[in-house]
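Student:
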Amino acid sequence: MLEFLAKFFSKDTTSSSKNIAKERLRLVLVHDRVNISPQVLEAMREDLIKVISEYMEIDERALEVSLNQDERTVALMANIPILRLKRWTRN
Amino acid sequence: MGEVVVVTSGKGGVGKTTTTANIGTALANLKNKVALIDTDIGLRKLDLVLGLENRIVYNLVDVTSGVCKPKQALIRDKRTEGLYFLPAAQTRDKTSVDPEQMRQLCLELKEEFDYVLVDCPAGIEQGFKNAVAGADRALVVTNPEISSVRDADRIIGLLEAASIPDPQLIVNRIRPRMVKRGDMLDIDDILDNLRIELIGIVPEDESVLVSTNRGEPAVLNPNSQAGQAFRNIARRIRGEKVPYMSLEVEQGWRPWLRRVFNLQGTR
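Chains as they are written, first to last, in our numbering: chain Y, 4 to 94; chain P, 2 to 268.
1. So with CB distances below 9 angstroms, who are the chain P contacts of K53 (chain Y)?
2. Consult DSSP for L70 (chain Y) and reduce its assignment to one of helix, strand or coil.
3. Taking DSSP as the reference, what is the three-state secondary structure of L79 (chain Y)?
4. By Cβ distance below 7 angstroms, which residues in the same chain neighbour V5 (chain P) in space, the five residues on each side in sequence not counted?
5. Along the chain, which unbroken stretches of the alpha helix (DSSP H) at least 4 residues long are found entirely within the stretch 46-71 of chain P?
6. Might you give, ordered along the chain, the residues of its own chain that have their beta carbon closer than 7 angstroms to the beta carbon of I83 (chain Y), omitting 5 neighbours on each side?
7. Bridge partners of I38 (chain P), per DSSP?
8. Does the Cβ of W43 (chain Y) have 16 or more other Cβ atoms within 10 Å, making it buried, or fewer, making it exposed?
9. Of all the residues that make up the stretch 28-60 of chain Y, which are near chain P by a beta-carbon distance shorter than 9 angstroms?
10. Is I76 (chain P) near V58 (chain P), with beta carbons less than 9 angstroms apart?
11. At a Cβ threshold of 9 angstroms, is S19 (chain Y) touching chain P?
12. I'd like to know if L258 (chain P) contacts chain Y, where contact means its C-beta is closer than 9 angstroms to some C-beta of that chain.
13. Do you know offhand how far P100 (chain P)'s Cα is from S148 (chain P)'s?
14. Below 8 angstroms on the Cβ atoms is my guess for N60 (chain P) versus A36 (chain P); work out the distance and round it to an integer in Å.
15. Just curious, the alpha helix (DSSP H) that I125 (chain P) is in, first and last residue?
16. Going by Cα to Cα distance, which pick from P:L49, P:E217, P:A230, P:G43 is closest to E205 (chain P)?
17. With a CB to CB cut of under 8 angstroms and the five nearest residues on each side skipped, what residues in its chain are close to I52 (chain Y)?
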């Protein structure tokens with residue numbers, strides 16, 4: 004009862020409905036945009052290969068890039084099988 | 002040479018038609034020659050918002066199919082000098098016109114008018130494709146509501162794909178009290194996601210429904226807050242820098258008293 008009253012009279016807006024809406028909107032837009040243009044994911048994959056290849060030899064054909072989504076987050080997941088590490092010196 | 006501006010949104014019911022009618026009227030009142038085109042074939046509504054539903058003789062499909070010339074179909078608004086209106090056909094559907102015909106029509110109208118505003122139907126199919134075919138620029142209308150912003154995002158993507166650069170955003174039907182309570186997305190929330198330039202903020206306003214009831218656009222009502230917002234947008238379209246209206250929630254007993262006695266206007 005006290006908790007209910009506290010919530011009712013509190014000025015705490017972190018769990019306000021618009022913040023929930025904002026979060027949901029953000030996630031849904033990430034998802035929508037990637038689904039609409041798989042070329043983005045493809046381009047990212049190419050760039051990733053380039054960058055990673057400077058540090059290690061990787062199995063390009065087995066490299067997987069995807070978006071994983073659960074209730075509250077979207078994450079870019081990459082599975083990059085390594086063949087061998089390069090000897091790498093900073094210039 | 003005039004400009005063709007498409008007013009679009011993706012989602013239906015967010016206020017495209019109201020926006021088109023009001024901005025068009027305001028631009029005409031700023032001494033521009035303006036043509037409004039309703040492309041919502043089969044579900045026309047711009048005629049009602051403008052109060053010109055009884056003056057329709059020819060429509061958009063008549064023009065594009067060669068039955069008549071644009072001049073014969075364009076209705077001159079007797080109330081607002083310089084404002085002309087081309088209605089949609091009510092008994093056809095959106096496949097009766099194709100994008101190429103729209104492109105031609107817009108080119109022709111641009112010669113004679115300073116602004117050609119194209120009211121786009123909801124959706125992303127043929128109606129949308131027709132409406133954007135001749136457009137030079139776009140106004141995207143959204144509500145501070147999650148599904149409307151999502152649709153706006155999709156539309157912006159489609160506009161960019163159609164090579165219509167730099168669409169500008171109008172946030173319509175904002176309710177300052179709800180924003181203050183944390184129950185409505187605010188302007189920054191929307192801009193953070195859509196990332197396009199803002200050109201207008203229009204408050205939720207009962208006077209808009211009253212205007213539609215009467216067939217008299219809200220910009221003609223000096224007491225309408227929404228009308229004032231639309232008038233400001235028209236000026237910004239012409240390149241003027243107009244500060245945004247303060248939509249501060251009026252506190253105290255005065256607004257309550259006004260509501261009780263049903264008095265119009267707040268300022």
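C-beta atoms are modelled at their ideal positions from N, C-alpha and C, and glycine is treated no differently.
Tutor: With the given structure in hand:
1. Result: empty, since nearest Cβ-Cβ is about 26 angstroms, beyond 9 angstroms.
2. strand
3. strand
4. C107, K111, V117, V119, G135, A136, D137
5. 47-51, 61-65
6. I55, I61, L66
7. P:L87, P:V119
8. Just to set this straight, residue 43 (chain Y) is Val in the shown sequence, not Trp. When all chains shown are included, V43 (chain Y) counts as exposed.
9. L28, R29, V31, L32, D35, R36, I39, S40
10. yes
11. yes
12. no
13. 27 angstroms
14. Not confirmed; about 14 angstroms, so no contact.
15. Taken as a continuous stretch (DSSP letters only), I125 (chain P) belongs to no alpha helix (DSSP H), as it is neither H nor E.
16. P:A230
17. I61, E63, L66
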